[in-house]
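J.: Sequential numbering from 0 applies to the sequence shown in numbering that gives the first Met the number 0.
Note that the Cβ used here is the ideal one computed from N, Cα and C, for glycine as well.
Please read all numbers here as calculations on a predicted model, not as lab measurements.
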Amino acid sequence: MATLEHASGSSAGWAYDRNENDRIILSIYGPRGATKFCGVLDTIGARNLRNSLDLALSKITDARARTPVYVVVQNAGYEGERDVQECESHHDAIVWMNANYSLEEVEQLHVAICRDVAGERTYDL
């Protein structure tokens, strides 16, 4: 899938027109400078495009916030619970925990792995 590298646009300056006849010239360039889209939008089309882009950016931000993070926690479930390490997968968290704690330390320090999604945690893995 190609990624967007650059988008440019222009319109008549505010001092000139500022009415429903304004047009936006939009060019979107893809990888290695290849033109992916070049067109002229009226003000309604430009406003719809802007709203769609704002919505897409909001969805991307929300998706990133909802990506699960696996956290190695000391004193899990007790007062003084403390995050020690964040990992991208449950497997990575297990590997990190096993490399940094002995079995005795896991039991004594109540070390556990939780799954955190947008601030909501669960220990039932």
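1) To the nearest angstrom, how far is the alpha carbon of Q73 from that of T66?
2) Could you check whether Y100 and V110 sit closer than 7 Å to each other, using their CB atoms as the reference points?
3) If you follow the alpha helix (DSSP H) that D68 is in, where does it begin and where does it stop?
4) Buried or exposed, going by whether 16 or more other CB atoms sit within 10 Å of the CB of C113?
5) What is the residue span of the alpha helix (DSSP H) that A98 lies within?
6) Hey, V71 and Q84: beta-carbon distance below 7 Å or not?
7) With DSSP run on the structure shown, which of helix, strand or coil describes V105?
8) Measuring alpha carbon to alpha carbon, tell me which residue in Y77, S57, K58, G38 is nearest Q107.
9) So what's R46 in DSSP terms, helix, strand or just coil?
10) What is the DSSP secondary structure of A62, reduced to helix, strand or coil?
T.: Taking the definition as stated:
1) As a working note, residue 73 is residue 74 in the sequence shown. As a working note, residue 66 is residue 67 in the sequence shown. Answer to the nearest angstrom: the Cα atoms are 22 Å apart.
2) Against the sequence shown, residue 110 aligns to sequence position 111. Against the sequence shown, residue 100 aligns to sequence position 101. A contact, by the Cβ cut-off of 7 Å.
3) Translated into the one-based positions of the sequence shown, residue 68 becomes position 69. At residue 68 the sequence reads Val, which differs from the Asp that was named. Where V68 is concerned, there is no enclosing alpha helix (DSSP H), although the beta strand (DSSP E) it sits in stretches over 68–73.
4) Locating residue 113 in the sequence shown gives position 114, where the first residue counts as 1. C113 comes out buried.
5) For the purposes of this step, residue 98 is taken as residue 99 along the sequence shown, with counting starting at 1. Taken as a continuous stretch (DSSP letters only), the alpha helix (DSSP H) holding A98 covers 89–99.
6) Taking the first residue of the sequence shown as 1, we reach residue 71 at position 72. Taking the first residue of the sequence shown as 1, we reach residue 84 at position 85. Yes, the Cβ-Cβ distance between V71 and Q84 is below 7 Å.
7) In the sequence shown, residue 105 corresponds to position 106, counting from 1. Three-state DSSP puts V105 in a helix.
8) By one-based count along the sequence shown, residue 107 stands at place 108. Comparing Cα positions, the closest option is Y77.
9) As a position in the sequence shown, residue 46 is number 47, starting the count at 1. Here R46 sits in helix by DSSP.
10) Start at 1 with the first residue of the sequence shown, and residue 62 comes out as number 63. Helix, per DSSP.
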